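Report on the structure given below.
Number of protein chains: 2
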Amino acid sequence: MFNFLQNIPENSREEFFQTVFQNEKVKVERIVSYGQTTPEDFWYDQDEDEFVVILSGSAIIKYENGEIFYLAKGDFLYIKAHQKHKVTYTENPTIWLAVFIV
Amino acid sequence: MFNFLQNIPENSREEFFQTVFQNEKVKVERIVSYGQTTPEDFWYDQDEDEFVVILSGSAIIKYENGEIFYLAKGDFLYIKAHQKHKVTYTENPTIWLAVFIV
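Line order of the protein sequences matches chains A and B.
Position 33 of the first sequence, counting from 1, maps to 31 under our numbering, and the rest follow consecutively.
Position 53 of the second sequence, counting from 1, maps to 51 under our numbering, and the rest follow consecutively.
Structure follows, in structure tokens:
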């Protein structure tokens, strides 16, 4: 059985992405951030709806329209497909549950 | 923005079910258990795939085939549609993230 809070890889220069479960309808990921943010000139622009829950740490997500979401432990954010977004802050470490609905 | 860990209703005789998000593809629920379990003679038997993550507390889920899952904080379990299952133990309180894939 997978545990989101255990076996966190050591502080890293790269974010750590791990597929926890995947089928034809859904992909469940664990993401561990160590202070990383999205590059200034880049927006995530996905074909799938996504939602995230912060399991540990904190982060800030910004939408292209200027909306800003300050995410603390336990916070839930649903991001519709093609809602351009980026991560402008992550605490070190931050554990994300990310679910992509295909 | 919804937070899974805040505004937990007080100890209750009933489990607390709350729909956090719903569209045509997915339903996201928060469930708070206060020691409740599934009645002895009942099995959950759902048309949708479901997965759960324990955000706080602990629980035990049993499958009809006898498999038993001891779920601690952070644990993830994917339950396929029509996999008959029941909850045989919950800590008071236990906070579940439950996601139903329609």
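Beta carbons: idealized from backbone N, C-alpha and C, even for Gly.
None of these values were measured; they are calculated from a predicted model.
The DSSP assignment places complete beta strand (DSSP E) segments of no fewer than 3 residues inside the segment 8 to 75 of chain B at 14 to 20, 24 to 31, 47 to 54, 57 to 61, 66 to 69, in order along the chain.
Residue 72(A) sits buried, since 16 or more C-beta atoms from the chains shown fall within 10 Å of its C-beta. Here the alpha carbon of residue 90(B) sits roughly 11 Å from the alpha carbon of residue 11(B). In the three-state reduction of the DSSP assignment, residue 3(B) falls in the coil class. In summary, the residues of the segment 40 to 54 of chain B whose CB is separated from some CB of chain A by less than 8 Å are 47, 49, 51, 53, in the order they occur in the chain. Contact annotation for residue 72(A) against chain B: 1, 2, 3, 4, 53 [CB-CB distance below 8 Å, chain order]. The alpha carbon of residue 16(B) has as its nearest neighbour, out of 9(B), 26(B), 22(B), 8(B), the alpha carbon of 26(B). Contact between residue 69(B) and residue 77(B) does not hold, since their C-beta atoms are separated by about 11 Å, which reaches or exceeds 8 Å. Residue 53(A) and residue 2(A) do touch by the CB rule: their CB atoms are close to 5 Å apart, below 8 Å.
Shown in chain order are the members of the segment 75 to 91 of chain A whose Cβ falls below 8 Å from a Cβ of chain B: 75, 76.
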